[in-house]
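Peer 1:
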Amino acid sequence: MDALALAPRPTHIPERSCVACRRKRPQSEFLRLVRTAGVWALQAGVRSGRGAYVCADSPSCWAEKRLRRAFGAQAPALSAVLTAAFPSLPLQESTRRQANNASRHVQHTAME
Numbered sequence: 001m002d003a004l005a006l007a008p009r010p011t012h013i014p015e016r017s018c019v020a021c022r023r024k025r026p027q028s029e030f031l032r033l034v035r036t037a038g039v040w041a042l043q044a045g046v047r048s049g050r051g052a053y054v055c056a057d058s059p060s061c062w063a064e065k066r067l068r069r070a071f072g073a074q075a076p077a078l079s080a081v082l083t084a085a086f087p088s089l090p091l092q093e094s095t096r097r098q099a100n101n102a103s104r105h106v107q108h109t110a111m112e
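Mapped onto full-length UniProt numbering, the consecutive letters of the sequence shown carry residue numbers 1 to 112.
(1) Kindly give me the distance between the Cβ atoms of S79 and A56, rounded to whole angstroms, as I take these residues to be in contact under 8 Å.
(2) Hey, would you say A52 sits closer than 7 Å to L33, going by beta carbons?
(3) Cα separation between C18 and L6?
(4) In terms of residues, what are the limits of the beta strand (DSSP E) holding S17?
(5) Would you list the residues sitting across from W40 in a DSSP beta bridge?
(6) Taking the straight line between their C-alpha atoms, what separation do you get for P10 and A73?
(7) Taking 6 Å as the cut-off, is the beta-carbon of T11 closer than that to any non-hydrogen atom of the ligand PLP?
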């Protein structure tokens, strides 16, 4: 048998872009907004329809100003929906590490 035929195939991970910051990431790291009957709303699960993605872990992407380019006049309502649905997000590990390093630096400087 051919060695290539026995090699496992890489798993396909779909990528999407955030409409606010234009960052590309795996689809699982986004919130999906779907347009049905002329109105944009948060959608869970997979369904058909016009969709847009925003970063799930970045509340700055939910700001009205950043959403206005993609959603126009509906941006304020969407921003409010996203903020209400996810009022507090846990800090990401990289953000937590940066905060810890900054606090250590402040403590070290205060001791001198």
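Note that beta-carbon positions come from the ideal geometry of N, C-alpha and C, so glycine has one too.
Peer 2: Judging by the given coordinates:
(1) The Cβ separation is near 15 Å, so there is no contact.
(2) yes
(3) 37 Å
(4) 15-17
(5) R35
(6) 42 Å
(7) The ligand PLP is not part of the structure shown, which contains no ligands of any sort.
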